[in-house]
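In the numbering used here, each number is its position in the sequence shown, counted from 1, plus 761. No residue lacks a Cβ here, since even glycine has one placed at the ideal position from N, Cα and C.
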Amino acid sequence: MALITVLMWSTLAPAVKLTMTEIPTLEMLSITAGLAFLFLLLYNGIRGKLSLLRKMPFRTILKMAGLGFLGLFLYSALYYYGIDQLTSSEACILNYLWPMMIVLFSGLLLHEPMTARKIISMLLSFLGIVILSLGGDHGTGNAILGILACIIAAACYGLFSVLNKKADMDQELTMMVIWLTTSLCAALCSLFGEPWVPIHGLSWLGLVWIGVFLNAIAYLLWALAINGSDSTASIANLAYLVPLLSMVLSILFLHEPLRLRVVLALVLIVGGILLQNLAPKKSA
């Protein structure tokens, strides 16, 4: 299940890049998030969990919605903007700064210790950002704004992950509310200057792939893989295959050139993350 999820997630950046050639960013985000919500609504309905949502305090539902605004609306909107401004390979690599952001916010909010290994790993990832920023061949958009958007997006997702862990709520119901919040926020924001366009033909395939498979099913498969594994770290580390596979798919289907600085940035950013996550565990 984890490997299937990794293969699916590796298609996100190229799929978004292709879909945004036909559909504005916020319209795409609203529709794909809405499809994810409908899928999870059906899923939770079949499992008989919707009654639990009705019994929850309104404050808890508001907390879920707040997490949705931070962790998937802001994150996705900024990440999609970065994909639009950069090549999909560059945006996906920068997106995988979010594990470093989790380490940073865990130290600040959960008071987890900042070790030398953590500091070195973050410095390696920062060096990867610097290398990725070099050169003027980032695509047709504004490279600086694209890089900043991807970094802020990673920070939003890292903060969301820590706050979500701290809140300790039912994840299947939480994700359903989160995707509904994301869809509504994207639709409201599109009213301020981004008109919607009619959707035709193959564009619907892209929206369904992103909304149902990448947003809803992939997250569920990942949660099942984590919960069913004896080694969470072993499963979690498979996620770092995503930027590598995404880069390969971008080269094959978007005809993006393979540049040395992109490869170096990938090695440094992912290497820094692995340095942290492969830290030896202390014996009891």
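Just measuring C-alpha positions, the residue of S964, L801, A776, V958 sitting nearest V938 is L801. Its chain contains M762, I765, T766 as the residues whose beta carbon lies nearer than 7 Å to that of L982, once the 5 sequence neighbours on both sides are disregarded; these appear in chain order. Restricting attention to beta strand (DSSP E) runs no shorter than 3 residues, the segment 896 to 944 encloses none.
Buried is the label assigned to W859, since at least 16 other Cβ atoms lie within 10 Å of its Cβ.
Residue state for F887 is assigned as helix, using DSSP reduced to three classes. The three-state reading of DSSP puts T772 in coil, since its state is none of H, G, I, E or B.
Distance between S944 and V1031, taken at the CA atoms: about 30 Å. For the 8 Å CB-CB criterion, W940 and N976 form a contact.
Just so you know, the alpha carbons of L1006 and P818 end up roughly 42 Å apart. Taking the CA atoms as reference points, L934 sits about 21 Å from C917. Spatial neighbours of I863 in its own chain (CB-CB distance under 8 Å, excluding positions within 5 residues in sequence) are listed in chain order as G919, S922, V923. Around the Cβ of F953, a 10 Å sphere holds fewer than 16 other Cβ atoms; the residue is exposed. With fewer than 16 other beta carbons inside 10 angstroms of its own, A928 counts as exposed.
Judged by pairs of C-beta atoms under 8 Å, the segment 964 to 980 touches the segment 778 to 786, as three or more such pairs exist.
For the options R1020, K926, G868, L968, the alpha carbon positioned closest to that of A797 is the one of L968. L790 and A838 have their alpha carbons spaced roughly 7 Å apart.
Cβ neighbours of L1029 within its own chain (closer than 7 Å, five residues either side excluded): L885, S886, L888, G889, I892. Taking I844 as the centre and dropping the five residues before and after it, the same chain places the C-beta of A774, V777, K778, A852 closer than 6 Å to its C-beta, in chain order. Residue P1004 holds the alpha-carbon nearest to the alpha-carbon of A1026 among P1004, L1036, N805.
Measuring C-alpha to C-alpha distances from D931 to each of V958, K810, L768, E788 identifies K810 as the nearest.
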